[in-house]
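Residue numbers (our numbering): 1 to 379.
Don't be surprised by glycine CBs; every beta carbon is placed ideally from N, CA and C.
To keep things clear, I will list the structure first and then write my remarks on it.
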Amino acid sequence: MRRMLSAILALLLLTGTGVAEVSGNLLGLRLLADMTDGTQNAAISPLSLQMALSLAREGAAGETREELDGLLEGEKIDLAALLNNARYADAYAYEGADAVAPGLQYANAGFAARECEILPEYKARVDAEWFPLDESPENINAWVKEQTNGRIEELFHGPLPQDTALCLVNALSMEAKWAHPFPEDSTYQDTFLTANGETEANFMYTEHDFHYGERDGAQIVRLPYEGTTLSMYVVLPEADGVPAALDAIEQEGMAYFAEMDCGPEVHLSLPKFSIAYGGSLMDGLRAQGLEIAAGGNADFSAMCANMPLYISNILQNVRIDVDEQGTSAAAVTALLLCGASMPMEQPEFVEMKVDRPFIFIIADGESGAIAFAAVVAEV
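Rendered as structure tokens:
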């Protein structure tokens, strides 16, 4: 049964000097900008990546720990308030629960090889379940499927690398209904413009006084979720404008959305879509400064007693489904560690038809934490 796990501050509350953005946000947005030129779908969970990297950070020492702190620069996340208060009630607190709580849920796990002796004090500091690591990843895949309610069925498609000593995994799940659902009888079929031409899509339609803004030729609307402080921010750039908008969001983080106002009434057309994206994040993370922790000089002595470890790979899978009722989403991030033998004046209304590649961010309005971010180039 999935649990809502209470936060351990030393694990997740990482503070950068004088940085207003939430820890992990900017790193995730930079990686997203590297994944696509605006003509392909891409998705990332900055929050899941932060949680997984924080598991490694808590077991690191010296320059390795400083490097991971640098990657996760930003302000503290009050994760207990974000995930464990009344607005994010645990629907799985009792047997037979058939309702899914609105908001976010997460779980962490560690899978350790028999010869890898994880320090008891490290286990006491981190919020994770522990399992033996087998040559086959079947037990990891089964845990991932359970924690994401089957949205992500498989993280590993073949055997783990032979020298893998430890696998640290975070699973993040979201099930939230719109505060203002799209009427199902208003959904219609129309053309969505892709880099390869036109395609037919089902467009949801609603009219409401959403928070709305415009900048640099892009339209921005905030769609709140019911009973939570989570919202989806939809950014519709001008034609071929996704890279420029991504660059601005990457530089500014959630400050990009600071000038949005309530009103005028927005007549919004938004395509129904499902997006799935996954793979290794190592190349992007190396470009962002992951070096010591991924080489033979890595120091994870605060985690493992009997062997030197280094990060050999970081994988993430994301799935997001959006329809008239709301959003279902899941992300899984896995760190593989190996033995260190290898190194304006308002009009009465505005029209916003999202019929070309667009960006969306799902973030918490109180903490500013970005749970999911994506480019939708095809639907």
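The alpha-carbon separation between Y233 and Q162 amounts to approximately 42 Å.
Taking the CA atoms as reference points, S312 sits about 11 Å from L160. With the rule of 3 Cβ pairs closer than 8 Å, the segment 169 to 188 does not count as touching the segment 249 to 256. Residue nearest to D209 within the set V266, A244, F192 and G217 is V266 (criterion: CA-CA distance).
Counting C-beta pairs closer than 8 Å gives three or more between the segment 221 to 230 and the segment 360 to 378, which meets the contact rule. With distances taken between CA atoms, G284 lies nearest to L29 out of E21, S23 and L29.
Put simply, of M260, G279 and L133 the residue whose alpha carbon is nearest the alpha carbon of C338 is L133. The secondary-structure analysis by DSSP pairs R215 across a beta bridge with A218.
DSSP places K145 inside the alpha helix (DSSP H), whose first and last residues are E138 to Q147.
Non-local C-beta neighbours of D323 in its own chain, meaning closer than 6 Å and more than five positions away in sequence, comprise K272, ordered along the chain. A52 sits in a helix when the DSSP states are folded into three classes. Judged by their CB atoms, L47 and I320 are not nearer to each other than the 9 Å cut-off. When secondary structure is reduced to three states using DSSP, T229 falls in the coil class, being assigned neither helix nor strand. With respect to A171, Y225 sits apart: the two C-beta atoms are not nearer than 9 Å. Excluding its 5 nearest sequence neighbours in each direction, G289 has C-beta neighbours in its own chain below 7 Å: E67, G70 and L71, listed in chain order. Each of M174, L223 and I152 was checked against the Cα of F182, and the nearest Cα belongs to L223. Within its own chain, the residues whose Cβ lies closer than 6 Å to the Cβ of E63, once the five positions on either side in sequence are excluded, are I292, listed in chain order. Nearest C-alpha to A60 among S274, N108, A294 and S173: A294.
When C-alpha distances from N25 are compared across F372, K353 and A124, the shortest belongs to F372. Only exposed fits A305, as fewer than 16 other CB atoms lie within 10 angstroms of its CB.
By DSSP's assignment, K353 forms a beta bridge with S269.
If you draw a straight line from the Cα of A218 to the Cα of L270, it comes to about 15 Å. In this chain, L133 is not harboured by any alpha helix (DSSP H), its DSSP state being neither H nor E.
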